[in-house]
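Chemist:
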Amino acid sequence: MASTAEVRNHYDTPAALFELFLDDHYLSYSAGQWQDHDDLETAQTRNLTAITHTIALDADKSVLDIGCGWGAFTCQCLEQATHAHYLGLTPSPAQIAYIKHRFPNHPALRETTWQSYAQNGQRFDALVALESTEHIASYKSRRDGTAIKEYRHFFQSCAELSKDHAPLYLQTSAVQRLPRTRAELKDWNFLLHAVFAGSALPDLPILEQASGSSHAITQCDWNAEDYIKTLQAWCKRLRSNEDAFITKFGQRQYHFYQTYLESCIRLFDSGIANLLRLRLEKK
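First residue of the sequence shown? That's 1 in this note's numbering, and the numbers climb one at a time after it.
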């Protein structure tokens with residue numbers, strides 16, 4: 001399992017940096033849902049709206065956002081599900097501070113991990129985890145075969161935090177095959193060790209196995225193209241903000257994020273990684 005320090009190493013990066021390539025409205029650090037002629041914000045709006053509908057979030061229902069980031073789903077709930085009872089979790093104090101500054105009337109937030117909050121005893125009508133599933137297992141546990149225990153712990157904790165038959169929505173990057181060439185391995189190692197140290201991508205079989213005792217999968221969708229288009233849009237915004245980025249954060253950081261985004265595009269385009277959207281329901 002990725003440590004809190006390892007997760008914070010990436011997500012405590014100033015939000016001002018991510019504002020230079022993510023969408024302006026949500027600052028969503030995940031794939032949108034694309035249709036012809038969409039821009040980035042439209043695709044992100046469609047994705048977040050679809051999630052709200054998929055978990056049937058409406059008035060007076062409660063939702064737990066596991067890994068709330070800079071408030072993309074927070075924003076969605078404030079704008080589209082105004083009477084829902086929202087709680088966002090993140091181990092990053094920088095993200096908490098950003099959301100509070102951005103939304104003066106922000107809903108409840110907790111600077112904690114899902115492991116710690118599972119002891120709280122509160123139960124929710126729905127749970128969402130958007131790009132936080134990647135941090136459940138570590139690269140080491142994936143290699144030595146113990147990752148199944150970490151994923152099972154996650155799903156059991158989600159069940160403890162859920163009311164009967166509550167939906168759990170996951171949007172995650174997932175691995176479909178291992179690298180085969182030296183170039184693919186270079187991209188793979190850069191992402192695993194330089195960008196998301198301590199984390200590892202899940203695959204569908206391990207998620208199915210780990211969730212089986214607590215949840216039933218009711219919807220499973222793959223769409224690598226949605227992530228490729230999102231990453232391409234991020235790259236375009238990064239290039240358009242090159243001067244501002246270098247002025248604030250330096251040439252080295254600009255090159256790092258350019259390499260990161262371009263490496264991701266190649267991994268999704270080659271079929272190593274894919275975008276997985278899962279709806280599960282507590283048994």
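All C-beta atoms in this analysis are idealised placements derived from N, C-alpha and C, irrespective of residue type, glycine included.
Note that the structure is predicted; figures quoted are calculated from it, not measured.
1) Would DSSP call Thr-13 helix, strand or coil?
2) Leu-48 and Phe-73: beta carbons closer than 8 Å?
3) Does the distance from the CB of Gln-171 to the CB of Arg-239 come in under 8 Å?
4) Counting Cβ pairs, one atom from each stretch, are 3 or more of them under 8 Å apart for the stretch 141-161 and the stretch 229-248?
5) Report the residue ranges of all alpha helix (DSSP H) runs contained in full by the stretch 180-256; include only those spanning at least 4 residues, in chain order.
6) What residue range does the beta strand (DSSP E) around Glu-281 cover?
7) Closest to Gln-122 by CA distance: which of Leu-87, Asp-12 and Tyr-227 is it?
8) Looking only at its own chain, which residues have a Cβ that is under 6 Å from the Cβ of Lys-61, when we skip the five neighbours before and after it?
9) Roughly how many whole angstroms lie between the Cα atoms of Leu-185 and Glu-150?
10) Report the partner residues of Gln-171 according to the DSSP bridge assignment.
11) Using only alpha-carbon positions, find the residue among Tyr-254, Ser-199 and Leu-267 that is nearest to Leu-20.
12) With a 10 Å radius around its C-beta and 16 neighbouring C-beta atoms as the bar for buried, classify Arg-142 as buried or exposed.
13) Would Asp-24 count as contacting chain D if we go by Cβ distances under 8 Å?
14) Give me, in chain order, the residues of the same chain whose beta-carbon lies closer than 7 Å to that of Gln-258; leave out the 5 immediate sequence neighbours on both sides.
15) Mind reading off the beta-carbon distance from Leu-191 to Tyr-139? Whole number of angstroms is fine, and I expect it under 8 Å.
16) Which same chain residues end up closer than 6 Å to His-53 when comparing Cβ atoms and leaving out the 5 residues on each side of it in sequence?
Modeler: Considering the structure as presented:
1) coil
2) yes
3) The criterion of a C-beta distance shorter than 8 Å is not satisfied by Gln-171 and Arg-239.
4) Too few Cβ pairs lie closer than 8 Å, so no.
5) 182-189, 204-211, 224-240 and 242-249
6) Glu-281: member of the beta strand (DSSP E) spanning 273-282, first to last residue.
7) Leu-87
8) Hits under 6 Å: Ala-84 and Asp-125.
9) So the alpha carbons of these two residues sit roughly 25 Å apart.
10) Leu-130 and Arg-277
11) With distances taken between Cα atoms, Leu-20 lies closest to Tyr-254.
12) buried
13) This model lacks chain D altogether, as it is built from one protein chain only.
14) Leu-238
15) With a Cβ gap of about 11 Å, Leu-191 and Tyr-139 do not count as contacting.
16) none
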